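Anchor point for the sequence shown: position 47 equals 37 in our numbering, and the numbering is continuous, going up by one each time.
Have a look at the structure below before the remarks.
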Amino acid sequence: MATTRLYAAIYVVLFVLATVQVVMEDFLPSDIGQTYWLVFGGIMVLSFAKAAGVAGYYMHLRDEPRSVTYVILVGLFGALALTIAAAYSIL
């Protein structure tokens, strides 16, 4: 069983990642160019890292059988694919 200190440390890491993500969104240019996709990619990587942290520790997927983790990962990649498709449709 994880300790309160571990959960607090994970919370701080997730908070820092969310803060970095918000700061990156301020640098998101209005025109679509190379900088836009670089910032967008960084935001997606941070989102994936936060989702993995929440799923792994707060949803206790680390202690589940691997098959359950794979089902969650398929859903996560599906959501990522839909997000990328939505980003292209905005253009």
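We put the beta carbon where it would ideally sit given N, CA and C, even for glycine.
The model shown is predicted, which means the values in this text are computed figures rather than measured ones.
{"query": "Meets three-Cβ-pair contact criterion under 8 Å: the segment 32 to 45 and the segment -1 to 7", "result": "yes"}
{"query": "First and last residue of the uninterrupted alpha helix (DSSP H) at I80", "result": "R56 to I80"}
{"query": "Limits of the alpha helix (DSSP H) - the one that G31 falls within", "result": "Q24 to G43"}
{"query": "Reference M34, options I22, D53 and V12, closest by Cα", "result": "V12"}
{"query": "Assumed close pair G31, M14 - CB separation to whole angstroms, cut-off 8 Å", "result": "With 8 Å as the limit, G31 and M14 do not qualify as a contact, their Cβ atoms being about 10 Å apart."}
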